[in-house]
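Report on the structure given below.
Numbering (the working numbering), first residue to last: 33 to 196.
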């Protein structure tokens, strides 16, 4: 049975059994223990999401991944995001693991935030000038190559929305 068929089977079981079941208002744990249909639903759900389920890596695997990350950073000059993608993990988790091992060479969160604030201060000043000229936020965002919603939010944070 492929994923689509499994999903259809789950929906059919819910439609034809679960809405009449005496356990429907009880916790899912009870349904899975007491009911054959609940057991089948649980099995089908696990099969569908088996590929996407999170794999917890052990210390040795993380040691190996952190060494690879360091090598990729030095040898190929890859960005941190690129390294995380290549290793198949999130940037945050990789950074935490590198910090645990004393291998994190990046900047602290405070420095990153400070740089982002500085960048947005400059962008907001440019946006304010363009807005005074009568250009719309979407057009300004396009000119500055930033999302319009982010631009509006950053303008509001700095109190510039009142000046326009």
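All residues carry an ideal CB built from backbone N, CA and C; glycine is no exception. The structure presented is a predicted model; accordingly, all values stated were derived computationally and were not measured.
Please check the pair residue i and residue j, which I expect to be a contact at CB under 8 angstroms, by giving their CB distance rounded to whole angstroms.
i, j, result
"residue 135", "residue 126", "In fact, because the Cβ distance is near 10 angstroms, the residues do not count as touching under 8 angstroms."
"residue 80", "residue 39", "7 angstroms"
If you draw a straight line from the C-alpha of residue i to the C-alpha of residue j, how long is it?
i, j, result
"residue 51", "residue 34", "25 angstroms"
"residue 36", "residue 140", "45 angstroms"
"residue 75", "residue 179", "42 angstroms"
"residue 64", "residue 99", "42 angstroms"
"residue 174", "residue 167", "11 angstroms"
"residue 70", "residue 58", "12 angstroms"
"residue 176", "residue 149", "16 angstroms"
"residue 60", "residue 45", "15 angstroms"
"residue 101", "residue 169", "40 angstroms"
"residue 73", "residue 66", "12 angstroms"
Just to confirm, are residue i and residue j a CB contact at a threshold of 9 angstroms?
i, j, result
"residue 97", "residue 106", "no"
"residue 187", "residue 160", "yes"
"residue 138", "residue 112", "yes"
"residue 94", "residue 129", "yes"
Contact the stretch 179-188 vs the stretch 156-163: 3+ CB pairs below 8 angstroms: yes
Runs of beta strand (DSSP E) lying entirely within the stretch 73-160, each at least 3 residues, in chain order: none
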